[in-house]
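Chains as they are written, first to last, in this note's numbering: chain A, 1 to 230; chain B, 1 to 230.
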DNA sequence: AGGCACTCGTGCACACGTTCACAAAGCCAG
DNA sequence: CTGGCTTTGTGAACGTGTGCACGAGTGCCT
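Listed below in structure tokens is the structure:
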């Protein structure tokens with residue numbers, strides 16, 4: 001059999017960095033770079049070189065000592081591990097401000113996540129066209145999920161409607177959800193949920209600003225010493 | 001002096017959960033709930049009760065044993081700790097799909113982060129009105145930041161323009177940045193950067209989907225056992 | 001062929017975060 | 001006032017993630 005089949009579990013922290021490496025490697029490939037060292041990649045990703053090596057070691061030993069990593073091969077391996085060897089169509093629930101922006105944003109399809117459909121509960125919105133996709137009624141959700149083989153749903157509704165949206169997605173057969181609504185979704189254990197909450201992000205920044213202002217006499221004034229920040 | 005002035009450092013993990021508690025407590029207050037236990041709050045936030053207690057203990061001892069926490073007081077304390085006692089105006093760079101959605105989304109101002117301005121480098125977009133705010137040219141950024149006392153900038157440009165946007169924000173005097181562009185920003189150490197990357201989130205979901213499909217014979221079929229997921 | 005410079009892969013120690021478990025503290029009933 | 005019930009606050013154990021430091025390969029140059 002193959003040396004080791006994919007039974008190794010990759011730590012969450014690593015999984016969340018692999019997409020960053022992948023994007024950078026893609027850019028490097030476009031620029032004609034064929035080989036890259038852990039230190040070079042680390043610099044571009046804004047992380048520690050040892051971390052890069054450890055992260056990549058979970059995929060297997062795909063580097064060459066004394067040389068570095070072959071960019072194209074590494075791209076292939078990361079894509080394979082992340083399941084990006086084929087497209088994952090997504091369905092968007094909610095055609096408000098955010099849903100429209102998401103549907104209109106081309107970057108989705110380009111990166112392997114084509115919008116299979118966008119639905120809303122409001123009849124006034126149904127029928128309008130967003131980014132080449134016609135808004136359909138939420139009752140058509142099961143059909144869209146089934147015929148387009150959708151596994152990933154995006155909740156882009158107001159908070160009050162989010163749990164209902166999630167329930168419908170789950171019932172329709174979706175197994176992963178990306179939630180933009182500011183609520184904690186309650187779903188069966190087997191469903192993977194990730195949350196993006198703008199208010200939370202801003203409040204975290206607010207905490208640091210407040211701390212800066214309220215506390216230290218040694219208010220950080222030193223302008224320089226650049227550091228890459230994820 | 002006061003028992004202990006705010007010189008305790010709150011762990012990052014806790015800071016990122018406080019906004020969630022805050023929102024839930026606000027909702028509870030609106031429903032007339034006056035007191036809540038760590039277990040009740042934990043349930044609503046989808047976390048462990050011990051974690052809630054430890055998180056809240058970093059703010060001080062604001063609970064009452066045998067009873068729980070007084071909702072209104074806790075709201076006040078969390079808001080104070082997060083620096084939400086006053087508004088933090090934000091400036092948005094980039095009036096594309098995302099920038100428009102952010103400006104149009106009312107929830108920003110409501111939560112204490114009014115949009116002080118939105119700028120773009122494209123003259124064609126300057127002058128259009130989004131969510132009550134007129135788009136101005138990016139050259140006006142320093143003026144907006146100065147006159148409106150803006151500390152927080154939002155980068156909503158395409159990837160290629162993001163570093164320039166960040167540079168301009170920093171030069172204008174912004175000290176925190178929320179970055180939606182899929183690039184690692186290089187900024188002075190003193191600047192706090194948080195990143196929101198949709199492609200990364202989707203790719204993480206893809207990883208789990210791929211794992212589900214490729215691996216286990218014991219494909220998780222058990223429909224129930226609800227769990228709250230952040 | 002041998003030595004040297006370079007870079008990966010990883011064992012190990014440390015830091016951070018989570019969870020358990022329990023004493024301390026408050027409330028209430030009788 | 002006492003005893004019992006509830007819930008907080010936190011010490012301690014555990015698990016996960018990070019970063020150093022170094023052995024082990026690899027390629028290049030002489």
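For each residue, glycine too, the CB sits at the ideal point set by N, CA and C.
Whether residue i touches residue j by CB criterion (8 angstroms)
| i | j | result |
| --- | --- | --- |
| residue 49 (chain A) | residue 38 (chain A) | yes |
| residue 156 (chain B) | residue 96 (chain B) | yes |
| residue 42 (chain A) | residue 33 (chain A) | no |
| residue 153 (chain B) | residue 90 (chain B) | yes |
| residue 68 (chain B) | residue 118 (chain B) | no |
| residue 196 (chain A) | residue 196 (chain B) | yes |
| residue 180 (chain B) | residue 202 (chain A) | no |
| residue 130 (chain B) | residue 103 (chain B) | yes |
| residue 194 (chain B) | residue 178 (chain B) | yes |
| residue 57 (chain B) | residue 204 (chain A) | no |
| residue 93 (chain A) | residue 25 (chain A) | no |
| residue 163 (chain B) | residue 198 (chain B) | no |
| residue 98 (chain A) | residue 73 (chain B) | no |
For residue j and residue i, believed in contact at Cβ under 8 angstroms, the rounded distance
| i | j | result |
| --- | --- | --- |
| residue 29 (chain B) | residue 75 (chain B) | 6 angstroms |
| residue 62 (chain B) | residue 83 (chain A) | The pair is not a contact, with the Cβ atoms about 45 angstroms apart (cut-off 8 angstroms). |
| residue 174 (chain A) | residue 150 (chain A) | 6 angstroms |
| residue 187 (chain A) | residue 200 (chain A) | No, residue 187 (chain A) and residue 200 (chain A) are not in contact; Cβ-Cβ is about 19 angstroms, not under 8 angstroms. |
| residue 59 (chain B) | residue 81 (chain B) | 6 angstroms |
| residue 101 (chain B) | residue 100 (chain A) | 7 angstroms |
| residue 65 (chain B) | residue 22 (chain B) | Contact doesn't hold; Cβ gap of about 23 angstroms is too wide. |
| residue 209 (chain A) | residue 88 (chain B) | 7 angstroms |
Closer than 7 angstroms at the beta carbon, the chain B residues around residue i
| i | result |
| --- | --- |
| residue 37 (chain A) | Simply none; closest approach about 17 angstroms. |
| residue 201 (chain A) | 178, 194, 196 |
| residue 31 (chain A) | The contacting residues do not exist; residue 31 (chain A) stays about 13 angstroms from chain B at best. |
| residue 92 (chain A) | Residues of chain B passing the Cβ test: none, with the nearest at roughly 12 angstroms. |
| residue 111 (chain A) | 199 |
7 angstroms Cβ cut-off: residues of chain A touching residue i
| i | result |
| --- | --- |
| residue 97 (chain B) | 101, 104, 105 |
| residue 208 (chain B) | 176, 192 |
| residue 83 (chain B) | 206, 207, 209, 210 |
| residue 23 (chain B) | 182 |
Neighbour list for residue i in chain A, Cβ cutoff strictly below 9 angstroms
| i | result |
| --- | --- |
| residue 45 (chain B) | 184 |
| residue 62 (chain B) | The premise fails here: residue 62 (chain B) is roughly 17 angstroms from chain A at the closest Cβ pair, so nothing lies under 9 angstroms. |
| residue 152 (chain B) | 202, 205, 206, 209 |
Exposed unless 16 or more other CB atoms sit within 10 angstroms - verdict on residue i
| i | result |
| --- | --- |
| residue 115 (chain B) | buried |
| residue 18 (chain B) | buried |
| residue 13 (chain A) | exposed |
| residue 143 (chain B) | exposed |
| residue 1 (chain A) | Only weak support is given to the placement of residue 1 (chain A): the predicted model assigns it a pLDDT of 37, under 50, and the value that follows is read from those uncertain coordinates. Counting Cβ neighbours within 10 Å, residue 1 (chain A) comes out exposed, since fewer than 16 surround it. |
| residue 176 (chain A) | buried |
| residue 11 (chain A) | exposed |
| residue 122 (chain A) | exposed |
| residue 161 (chain A) | buried |
| residue 54 (chain A) | exposed |
| residue 168 (chain A) | buried |
| residue 111 (chain B) | buried |
| residue 31 (chain A) | exposed |
| residue 172 (chain A) | buried |
| residue 139 (chain B) | exposed |
8 angstroms Cβ cut-off: residues of chain B touching residue i
| i | result |
| --- | --- |
| residue 118 (chain A) | Simply none; closest approach about 14 angstroms. |
| residue 148 (chain A) | Neighbours of residue 148 (chain A) on chain B: none; closest Cβ ~15 angstroms, over 8 angstroms. |
| residue 19 (chain A) | 197, 199, 200, 203, 204 |
| residue 15 (chain A) | 204, 207 |
Per-residue contacts from residue i into chain B (C-beta, under 9 angstroms)
| i | result |
| --- | --- |
| residue 168 (chain A) | Those do not exist, as residue 168 (chain A) stays about 15 angstroms from chain B at its closest Cβ, beyond 9 angstroms. |
| residue 134 (chain A) | Result: empty, since nearest Cβ-Cβ is about 18 angstroms, beyond 9 angstroms. |
Return the chain-ordered ranges of every alpha helix (DSSP H) run that is complete within the region 125–173 of chain B and spans a minimum of 4 residues. 141–147, 159–172
With a floor of 3 residues, list each beta strand (DSSP E) that falls wholly inside the region 24–75 of chain B, ordered by position along the chain. 68–70
With a floor of 4 residues, list each alpha helix (DSSP H) that falls wholly inside the region 91–115 of chain B, ordered by position along the chain. 97–104, 107–110
What are the start and end residues of each continuous beta strand (DSSP E) run of 3 or more residues lying completely inside the region 175–218 of chain B, in chain order? 176–179, 185–188, 192–195
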